[in-house]
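Participant: With this note's numbering applied, the sequence shown covers 164 to 360.
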Amino acid sequence: MRNIVILISGSGTNLSAIVRACREEDWPGRLGAQVAAVVSNKAGAPGLALAQSQGLDTHLLEHSAYPDREAFDADLAAVIDRYHTPQEPVLVVLAGFMRILTPGFVDKYAGRLVNIHPSLLPAFGGLHTHQRALDAGCKFAGATVHLVTPELDHGPILEQAVVPVLPGDTAQTLAARVLTQEHLIYPRALAKLLSKK
Ligand code: GAR
164 MRNIVILISG SGTNLSAIVR ACREEDWPGR LGAQVAAVVS NKAGAPGLAL
214 AQSQGLDTHL LEHSAYPDRE AFDADLAAVI DRYHTPQEPV LVVLAGFMRI
264 LTPGFVDKYA GRLVNIHPSL LPAFGGLHTH QRALDAGCKF AGATVHLVTP
314 ELDHGPILEQ AVVPVLPGDT AQTLAARVLT QEHLIYPRAL AKLLSKK
C-alpha cells in the first residue's frame, strides 16, 4: 500500500475526495494507496479539522513561524519523509496548498509531487484564475492535475476537466462547478500515476 501525504491550506474538499477514493474498494480507479498524513501551513484550515475527523495523522507547520522558505521546506520534508514505506517513497499531493515550494524541495520529490490547479493550464497559472478567465471572455474553464516542476503551475499534465462558462457566471459560481470536477479528476490522475510505478 503506497503512502500519500496531502498538503493543504484551505477547506480540504479535494483531500476528502482522495481519501474517499482510497477507501472505496470498488472505486473504478482503485488507488492501492492510503492517505497517511495531512499537513497544513495554516492553523485555521477547515481541511485540518476534516482530516482529524477522518482519523488521519495531521501536522500543522505554520509558515509564518519560519525565517525563510528553505527552513519551512526543510521541516516539511522531514515530516513527509516519516511516511515512506520500506517498499516505496511517499507520494506528495498538493490539494489547495497555497505556498510556493523551493526548487530544492521540488527536485527532491520530482515525479512524485502532484498539484491541482483550477484552470486549464498553461492558461491562468497563479491566483484569481476564475475571475481572469471571466475577464478574458473564455467560453470554457476547468482544472488541471500536473506533476510539479520548479516553475509555478507548469509541469507535465496528468489530467484535465473542461467546464463551460455559463451566462451570468461569477468567479464563485464558476469555481464551485470547477471544484466538483476537481474531485473527479484528482483521484483518477493519482490512480493512473500510481499504476505506472
Ligand atoms: C481548489 O480549487 C484547488 O484547485 C485550488 O485551491 C482549491 C482548494 O480547494 N488550488 C490552487 O489554486 C493552487 N494554485 P479544497 O481545499 O477544497 O481542495
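The beta carbon of each residue, even a glycine, is placed where N, CA and C say it ideally should be.
How close, in whole Å, do the beta carbons of Asp244 and Thr265 come, if the pair is a contact with beta carbons under 8 angstroms?
Facilitator: The pair is not a contact, with the Cβ atoms about 16 angstroms apart (cut-off 8 angstroms).
Participant: Where does the unbroken beta strand (DSSP E) through Glu322 begin, and where does it stop?
Facilitator: 320-327 is the span of the beta strand (DSSP E), which, as asked, contains Glu322.
Participant: Does the pairing of the segment 286-296 with the segment 266-273 give three or more beta-carbon distances under 8 angstroms?
Facilitator: Taking 8 angstroms as the limit for Cβ pairs, the verdict is that the segment 266-273 does not touch the segment 286-296.
Participant: List the endpoints of the continuous beta strand (DSSP E) containing Gly305.
Facilitator: First-last of the beta strand (DSSP E) with Gly305: 303-310.
Participant: Taking just the CA atoms, how far does Ile181 sit from His280?
Facilitator: The straight-line gap from Cα to Cα measures roughly 15 angstroms.
Participant: Under the three-state reduction of DSSP, which class applies to Ser282: helix, strand or coil?
Facilitator: Three-state DSSP puts Ser282 in coil, outside helix and strand.
Participant: With burial defined as no fewer than 16 other Cβ atoms inside 10 Å of the residue's Cβ, what is the status of Thr248: buried or exposed?
Facilitator: Result: exposed.
Participant: May I ask you to check if the CB of Met261 is nearer than 7 angstroms to at least one heavy atom of ligand 1?
Facilitator: Yes.
Participant: Using DSSP with H/G/I as helix, E/B as strand and the rest coil, what is Gln294?
Facilitator: Looking at Gln294 - three-state DSSP - the assignment turns out to be helix.
Participant: Specify, as a first and last residue, the run of the beta strand (DSSP E) that Pro256 falls within.
Facilitator: Looking at the sequence provided, one finds Val at residue 256 rather than Pro. Its beta strand (DSSP E) spans residues 254-257.
Participant: Would you say Ile348 faces chain C, with C-beta separation under 8 angstroms as the test?
Facilitator: Annotation note: the requested chain C is absent from the structure, which comprises a single protein chain.
Participant: Cβ of His309 versus every heavy atom of ligand 1: is any distance shorter than 7 angstroms?
Facilitator: Not so, every heavy atom of ligand 1 lies at least 7 angstroms from the Cβ.
Participant: Tell me whether Glu188, by its Cβ, gets closer than 7 angstroms to a heavy atom of ligand 1.
Facilitator: No, since every heavy atom of ligand 1 falls outside the 7 angstroms radius drawn around the Cβ of Glu188.
Participant: Considering only the beta carbon of each residue, do Val255 and Leu170 sit closer than 8 angstroms?
Facilitator: Cβ distance < 8 angstroms, so Val255 and Leu170 count as in contact.
Participant: Quick one: give me the first and last residue of the beta strand (DSSP E) that Ile169 is part of.
Facilitator: Its beta strand (DSSP E) spans residues 165-171.
Participant: Please report the distance separating the alpha-carbon of Leu283 from that of Ala304.
Facilitator: Roughly 6 angstroms between the two C-alpha positions.
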